[in-house]
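Residue numbers (the working numbering): 44 to 227. Ideal Cβ placement from N, Cα and C applies to all residues, glycine included. Below is one structure; the comments refer to it alone.
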Amino acid sequence: MPSQLHRFQQTGRSHFVTFGCYHRRRGLATDAARATFEQALERVRRNRRLCVLGYVVMPNHVHLLLTEPERGSLADAIKSLKQGVARRLIGDAPHFWQKRYYDFNLRDYPQFLEKLRYVHRNPVRQGLCERPEDWPWSSFRHYASGEVGRVEIESEWTARRREQGGDLCGALHVLPPHSSQNRA
């Protein structure tokens with residue numbers, strides 16, 4: 044990897060983020076480990092006030108679609124997430140995660156949709172299930188039916204639920220709110 048990796052953060056855009064377990068080990072291969080990751084992601088979502096637009100937890104890596112947090116930087120949020128998961132799964136043992144993460148800025152709705160489909164189809168491509176809806180450790184079911192899972196997903200389903208309270212996350216920076224073309 045280049046020593047001077049340039050990240051374009053604090054742009055107001057959403058991000059596609061990927062990071063993996065150390066040496067591609069299968070640190071997230073069990074249901075309990077994947078549930079631990081989801082719990083940590085939800086904690087970071089609430090504490091850092093960022094929106095999760097989509098995700099998938101694979102046996103040796105994760106993919107996330109996120110907005111920039113209101114509290115702190117995206118790098119700080121990812122660091123908090125990785126540290127929280129590592130502490131819960133291996134305690135003080137070294138090296139649960141690779142040090143770096145891949146970050147791609149989403150410029151528009153077609154790009155968001157492309158990445159969301161990639162995220163949701165990843166378990167099928169890896170032979171872990173036959174259909175995206177068969178993999179419970181992703182946001183696919185939320186997009187398909189509005190199912191509420193361990194991680195709150197910012198989508199039109201969520202926005203509709205919040206309309207009466209007026210608390211829309213302000214996410215979907217790549218999407219105009221409530222547009223009929225925004226369905227993933």
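What are the boundary residues of the alpha helix (DSSP H) that T229 is part of? Missing from the structure shown is residue 229; the chain here goes from 44 to 227 and no further.
With DSSP as the reference, identify every bridge partner of W140, one or two as the case may be. C64, per the DSSP bridge assignment.
Report the three-state DSSP secondary structure of N103 (helix, strand or coil). Reduced to three states, the DSSP call for N103 is coil.
How would you label C94, buried or exposed, when you count the other beta carbons within 10 angstroms and need 16 or more for buried? buried
To the nearest angstrom, report how far apart A187 and A136 are at their CA atoms. So the two alpha carbons sit approximately 38 Å from each other.
Separation of G134 from Q154, as counted between CA atoms: 37 Å
Using beta carbons (cut-off 8 Å, strictly below), is E190 in contact with chain B? Annotation note: the requested chain B is absent from the structure, which comprises a single protein chain.
Does the segment 164 to 180 come within contact of the segment 145 to 152, defined as at least 3 CB pairs closer than 8 Å? no
According to DSSP, simplified to helix, strand and coil, what is L96? strand
Would you decide whether F59 is buried or exposed? Buried here means 16 or more other CB atoms lie within 10 Å of its CB. buried
Starting from D177, follow the beta strand (DSSP E) in both directions and report where the run begins and ends. No beta strand (DSSP E) holds D177; DSSP gives it neither H nor E.
Using the C-alpha atoms, what's the distance from E197 back to R205? Each residue's Cα considered, the two are about 10 Å apart.
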